[in-house]
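Worksheet: the structure to be examined is printed underneath.
Numbering (UniProt numbering), first residue to last: 1 to 447.
Structure representation (structure tokens):
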């Protein structure tokens, strides 16, 4: 019987979660990430991607690209975790076994689709997408095929808000024109090696002899990637254990013999490991570096921080600090960076990348109750008091309910009161010391 694997991917998940729970942002260019001078984009809405904004871009560059009316928000991983749980509870109603890849994507092999034709698979997937949207409010794109690789690429091709079913027997034709980087397992180094022998598409990779693939990419890896490029993929869909670490490593064409070059290369490797960390929606406490000698001996060093973080600069700086000088250590043929001690963040304060200034002001003691007003009074300017609020903070008001900070300064804070189910809400301005205004649990916006 025909085997069917589906790959589900939530569209622009972080930004979509912000637009969902803050309805005023629907249809606007939204960017999620660190708001400080070294911040990095964690997620971007499709409206912002039109202007060239993308994940992993420096936030300073994203600010320049965003149009007027674009919004930059710090990440709220507690919200993303809860929404992810809602989504995959729905998917679990359709498929009992899920292979979760990250907060926003997973593989499934629904028993109901064993032996089904293309029409039945299409109808099944459309029902699943509709169910996710009705229950959670989020949009999922789905790819379906006879193996995991084709399903994954299918969901990528279907985005945004789409479905692509690859009929059995057409896998090789579907994959052939795609660049080799479309295949999981082929990174910049493998791509460069393939380019040297004139291979740039998956069709060309599939057409290589097994010997050439093994020589270029390594014995086992080369043969496996060649099979996958041709559409042959019998890997099972199975539940994954909780990841213990994320890592990246590079084998250098020429041994590195000076510390400055090694630092530059390790910085690049750390960026790759960090990307996997953020894709998994995790924070890390421990940084590990691995250095392999010219003589193949290996040294590892590690450092554990006081609190978990996903701040790229902090993690990268720790990795660099752990390095040994090749002038004393000897030539380095391989370097790797791993982040371990992983956990799911439950408090935004743990995310140092979201802090907009190096020194957060201490909370100001509550003043006498100040009535809410729609805007500051022009003839009575508020004192220039350092704000205890930042844009994107979740708040609760004793009278007006749940909201989020749109802006703060000059002793005042403007709050938009809305949640996932409220529709666009009203904005009100308060004195920042208003005793009726409190910090809220980010999950309150899901009520």
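Note that CB positions come from ideal geometry on N, CA and C, so glycine has one too. Values in this document were obtained by computation on a predicted structure and should not be read as measured data.
Looking from the CA of residue 37, the closest CA among 62, 16, 14 belongs to 62. Within 10 angstroms of the beta-carbon of residue 416 lie 16 or more other beta-carbons, which makes it buried. Runs of the alpha helix (DSSP H) spanning 4 or more residues and lying entirely within the segment 168–230 occur at 171–175, 188–196, 202–207, 210–217, 219–229, in chain order. For residue 99, the enclosing beta strand (DSSP E) stretches over residues 98–102. Of the candidates 28, 227, 441, the residue whose Cα lies closest to the Cα of residue 204 is 227. Rounded to the nearest angstrom, the gap between the Cα atoms of residue 79 and residue 254 is 45 Å. Contact between residue 103 and residue 81 holds, with the beta-carbon distance rounding to 7 Å and staying under 8 Å. Taking 9 Å as the cut-off, the beta carbon of residue 291 is found no closer than this to the beta carbon of residue 342.
When the Cα atoms are used, residue 268 and residue 10 turn out to be separated by approximately 28 Å. DSSP places residue 291 inside the beta strand (DSSP E), whose first and last residues are 284–293.
The beta carbon of residue 25 is closer than 7 Å to those of 18, 19, 71 in its chain, skipping five residues each way along the sequence.
DSSP places residue 17 in the uninterrupted alpha helix (DSSP H) bounded by 13–21. Rounded to whole angstroms, residue 232 and residue 142 show a C-alpha spacing of 20 Å. Counting along the chain, the unbroken alpha helix (DSSP H) around residue 312 starts and ends at 312–321.
Look at residue 412 here: in three-state DSSP terms it is strand. For residue 144 against residue 151, the beta-carbon gap comes to about 6 Å, under 8 Å, which counts as contact. Check the Cα spacing between residue 91 and each of 111, 75, 76, 73: the tightest is with 111.
Taking residue 263 as reference, the option from 83, 337, 412, 134 with the minimal CA-CA separation is 337. Bridge partners of residue 44 according to DSSP: 31. Under the Cβ criterion (8 Å, minimum of three pairs), the segment 281–295 counts as touching the segment 317–334.
Residue environment: residue 109 is assigned as buried (16 or more neighbouring CB atoms within 10 Å of its CB, all protein chains considered). The criterion of a C-beta distance shorter than 9 Å is satisfied by residue 419 and residue 445.
Boundaries of the alpha helix (DSSP H) around residue 79: 77–94. Close CB contacts of residue 194 within its chain, under the 6 Å cut and outside five residues either way in sequence, are with 180 (chain order). Where residue 127 is concerned, the enclosing alpha helix (DSSP H) starts and stops at 118–136. Nearest Cα to residue 404 within the set 302, 22, 15, 388: 22. The three-state secondary structure of residue 446, taken from DSSP, is helix.
The three-state reading of DSSP puts residue 58 in strand, counting E and B together. The alpha-carbon separation between residue 186 and residue 222 amounts to approximately 10 Å. Look at residue 271 here: in three-state DSSP terms it is helix. Residue state for residue 248 is assigned as strand, using DSSP reduced to three classes. Note that the C-beta distance between residue 225 and residue 175 is not below 9 Å. No Cβ-Cβ contact shorter than 9 Å links residue 67 with residue 33.
Here residue 60 is exposed. Its C-beta has fewer than 16 other C-beta atoms within 10 Å.
Inclusion of residue 318 and residue 305 in the CB contact set at 9 Å is warranted, their separation being smaller than that value. Taking the Cα of residue 229 as reference, the smallest distance to any Cα among 334, 423, 200 is reached at 200.
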